[in-house]
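Okay, structure first, notes after.
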Amino acid sequence: MKTKFNSRFSTSDMTTGWHGSYIQRFLEAEVNYLLAPSVSQLSQVEFEKIYIPNPDLERSLSRYKTHTYSNNTCVITGLTGSGKTMLIRHVFDIHGIKPHIDGKSIIIPFNFDNALYGGVKDVFTRMTRAACDCLKKEFPNLHDIDEYKEDFYDFIASRRNDLLYVLEKYPSATKFEQLASLCETNAFAFYSCEFKFYLNQTDICPIDNVVLIIDDVEGIRVEVKTEDSMPRELLPIKVTLELIECLQNQDGIPVPWSLNTIICCRHFVYRLMGSLPYSLSKNYTQCLESYAICSQYDLRESPSLVAIIQKRYEAIPETKRNTIDSKWYLAMQVVMKIVNRVDDNIGDFVLDLTLKNIREALRKVKEIVFNKQWIQRNLTLHSPGAFQITDIDQYRTNPASLIRALGMNESIVYNSRESIIPNLLYNEVNNNMELFPLLTLKYFLYFADYREMSWDSSIRISDFLQDVEEVFGSKKYLQHFNNSLRYLMEHRLLLRSADQEQISNSDLCEQDIKSTEFVYVPSLSVALWGFLGRTSVFFEMFVDDIWLDNMSRETQRPFFRGFDYENYRICLDYLGELIDAETTIFSQAINNQGNGQKFFEIFGDKPLCDYLLDGLENSLNAFFREEQPEFASIVTTWREKIRMLRNECGKIYD
């Protein structure tokens, strides 16, 4: 009977009387602020003190702060947490979400974080009205529409006569009734026209530059029911185009101001803008270009995790940091000592697992810092109230422990259903899937030369399926590859085509997979593949989540599993089964085609099991480099086992 370790070993004993690690018990509030502060906490800190400068982009964006003699659209792309919002807040001096005047420019920030999909136009309406109020407050001599209703009506009639549609129903309606109807039925258009009415009073209003800031479009929430099939992130772009069109509509007469639009978004939104139609003939990017010169700036180099934490610490007032009972200095010591180890060993990998979401990566680092099971070395090292970190060796910060803390949290067993790290050796109890997910991934990695691909260098799924059908000629194998493809996509080891977002697994439904035509290899897959050949820690974790035959009922697990003898032995034994499985897979290709030429063309000529064996051997060499002599006998046995398995690997493709 097949079973799994993670279905047999309970971790409930560990949670009895759980009080967290020493770091969490004594420094929880301080560490939370440094690594995962709440919005309210950050709002209490002076913005400029936590801003990390980006001189090149600051200079590029600064030109939009004054009259530019042309209209411009600038799209700033970057990953979540890469600093897009911080950058524009710094450059355009934005404090809070409200319009403000800077010299002869008016800056209007639109933010959609947690905005309802159906309420996007409400955001535009509210902010455009606020811009009108801002102008009236700054220039009190403006001809207010409340006093100059007839002038305002004539202004709309000469420039946006299409808005006075009430005449179609009530031909006898007065001008004021038409204005009231417009305000009631299309408030956004009404206030857009009011804003433009004030800007045109150039003898009173000296504003010659309008800057629209469109930020946090990914933060829009979709209601349970929505009739609009448009991707939610594009609705702000669509309404922005409506505002631009209104402000530029002058019946052929050039407007006396420049209009600069700054859009901050993630890469997939920028790709959507260039791929989905806004009209029958143009996509969103083309529509923006028809009104303005378009530029793109990409925040490729995100601030380092260490730099972000350092800035947050420095932003704490000295009066708070340097009190006698302050724990801030101690918290910073602890965090930086562990975070530097994370940054040196698995920093990029943490970012890869979170799809380079820096805020989420820092939250994962916080979980590592607080981890009692894998990071804290000695539970009786300090008595309560006397906590201090005197040496980093008090904590396990080698790569293997950091990876286990990241992938297993406080558990002593790995479970792929709960872990952020996907199981590359996934199989099923009633359907032998050994190696098919790994072989499927190798196809795409081999095509990508084991490097991260860009979205526009994607691989057609139908080409992959055609190749494996040609090589193996087996419906059963084709089903295995189809299942593996789905598994890899669900776990973000293959990212979907350019026009589709992928943030979490939950948003990937059956229809998404069926409709996907292209995928590309992300850095997460490259990193995981590289780790398999460098260390056995992933293999040791994955074996907990694999259906194995004849598992010993006497096998016991300690609460701390570093280099676990029993687990390592199981990995060696299981690798023997995988060698047999890989030999069978290759034999199917030979039986179908008569030679392995096509197989080698699409998968390469190094067996999968060779990579796994590299990792097992490297960990053995690293762990027992300075081990006690009493382990010499078992190490000798393992080395002989590895030598034998290496010979077997060499025969797989014979």
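Sequential numbering of the sequence shown, starting at 25, is according to our numbering.
Positions of the beta carbon are idealized from the N, C-alpha and C atoms, including for glycine.
Computed from a prediction, not measured in an experiment: that's the story for all the values here.
The three-state secondary structure of phenylalanine 116, taken from DSSP, is coil. Between tyrosine 93 and serine 282, the beta carbon gap of about 6 angstroms places them in contact (Cβ cut-off 8 angstroms). By the neighbour-count criterion, in which 16 or more other beta carbons inside 10 Å mark a residue as buried, methionine 356 falls on the buried side. With fewer than 16 other Cβ atoms inside 10 Å of its own Cβ, tyrosine 189 counts as exposed. Between leucine 632 and the set Thr152, Tyr467, Met254, the nearest pair of CA atoms involves Tyr467. Where isoleucine 238 is concerned, the enclosing beta strand (DSSP E) starts and stops at 233-239. For histidine 91, the closest alpha carbon among the candidates Asn233, Arg153, Gln48, Gln202 is that of Asn233. Following the DSSP letters along the chain, one finds aspartate 168 in no alpha helix (DSSP H), marked with neither H nor E. Under DSSP, arginine 345 takes part in no beta bridge, so it has no partner. In this structure, DSSP gives threonine 90 a state outside helix and strand, which the three-state scheme calls coil. Proximity to leucine 644 across Phe624, Gly628, Ile666, Ala331 peaks at Ile666, based on C-alpha coordinates. The beta carbons of proline 133 and isoleucine 125 sit no closer together than 8 angstroms. Across the set Cys673, Gly674, Asn642, the C-alpha of Asn642 shows the shortest separation from the C-alpha of valine 659.
Taking leucine 572 as reference, the option from Phe71, Tyr589, Leu602, Arg663 with the minimal CA-CA separation is Leu602. Counting of Cβ neighbours within 10 angstroms places alanine 181 among the exposed residues, the total staying below 16.
Fully contained in the segment 447-525 is no beta strand (DSSP E) run of length 3 or more. Look at threonine 104 here: in three-state DSSP terms it is coil, with no helix or strand label. Shortest Cα-Cα distance from phenylalanine 624 to any of Phe471, Thr559, Trp553, Leu636 involves Phe471. Annotation: the continuous beta strand (DSSP E) that includes phenylalanine 542 extends over 542-544. Counting only unbroken stretches of 4 or more residues, the alpha helix (DSSP H) elements lying wholly within the segment 592-665 are 621-627, 632-647, in sequence order. Here the alpha carbons of alanine 60 and serine 67 stand approximately 13 angstroms from one another. Shown here, arginine 365 sits in a helix according to DSSP, grouped into three states. Judged by DSSP secondary structure, phenylalanine 134 falls within the beta strand (DSSP E) whose first and last residues are 129-135.
Contact between the segment 605-621 and the segment 564-571 is not established, with fewer than three Cβ pairs separated by less than 8 angstroms. If you draw a straight line from the Cα of tyrosine 501 to the Cα of phenylalanine 460, it comes to about 9 angstroms. Shown here, aspartate 227 sits in coil according to DSSP, grouped into three states, outside any helix or strand.
With 16 or more neighbouring CB atoms inside 10 Å of its own CB, valine 99 falls in the buried class. The Cβ neighbour count for threonine 309, taken over all protein chains shown within 10 Å, is at least 16; the residue is labelled buried. Close CB contacts of proline 260 within its chain, under the 6 angstroms cut and outside five residues either way in sequence, are with Phe136, Val144, Ile238, Val241 (chain order). DSSP links asparagine 96 through a beta bridge to Asn284, Ile317. The three-state reading of DSSP puts aspartate 322 in strand, counting E and B together. Sequence-distant partners of methionine 457 (beyond 5 residues in either direction) whose C-beta falls short of 8 angstroms from its own C-beta, in its chain, are Tyr450, Asn451, His504, Asn507, Ser508. Of the residues Gly107, Ser205, Gly431, Lys361, the one whose Cα lies closest to the Cα of glutamine 397 is Gly431. Under DSSP, arginine 245 forms a beta bridge with Leu140.
In terms of CA proximity to isoleucine 332, Glu72 leads the group Glu72, Ile594, Thr661, Asn224.
Contact between glutamate 476 and valine 545 holds: their C-beta atoms lie close to 6 angstroms from each other, under 8 angstroms.
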